[in-house]
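Structure record follows, encoded as structure tokens.
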Amino acid sequence: MRDYPYDSIMAARVLGQGYAYLLTAMNHRGDRLGLAPSSLVDIGVHTIILDTVAYAELCDRFNDGHFLHHVPEIDFKDDGSVMKTAHRIAADGWEVDLPLWQDAAKCSPCHPGSDSH
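In the numbering used here, the protein residues as written are 1 to 117.
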């Protein structure tokens with residue numbers, strides 16, 4: 001809410017989807033799925049990873065101690081990977097807030113073929 005014009009409800013939605021994305025990416029480390037967040041979900045992802053102490057703890061706990069790297073500004077692609085990611089997140093048992101997944105993110109898919117975001 002500090003950095004974006006969101007009320008507490010929207011901020012919680014964006015952050016929740018950011019966690020669902022990151023935890024799904026961690027769950028599929030090494031699978032080369034080309035996961036990609038939407039622009040709104042990417043805001044949540046960046047909010048999470050910028051708190052580096054908490055993010056490192058998240059990686060330790062849910063990614064076997066492996067750091068899920070961030071490689072920004074990869075070429076923009078509108079190749080369906082965002083909706084594919086939303087479906088993968090749902091298949092992994094997370095609730096998907098579909099209105100937040102309606103576009104492609106600027107870094108979609110981030111660093112294709114790697115385990116980074």
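We treat Cβ as the ideally placed atom computed from N, Cα and C, and that holds for glycine.
Exclusion of the five residues before and after phenylalanine 67 leaves Cys59 as the residues of its chain whose Cβ lies within less than 6 Å of its Cβ. Note that the segment 78–90 does not touch the segment 46–61; fewer than 3 beta-carbon pairs, one per stretch, sit closer than 8 Å. Remark: C-beta atoms of threonine 47 and tryptophan 94 do not approach each other more closely than 9 Å.
For serine 39, the enclosing alpha helix (DSSP H) begins and ends at 39–50. Proximity to alanine 56 across Asp79, Met26, Ser81 and Ile43 peaks at Met26, based on C-alpha coordinates.
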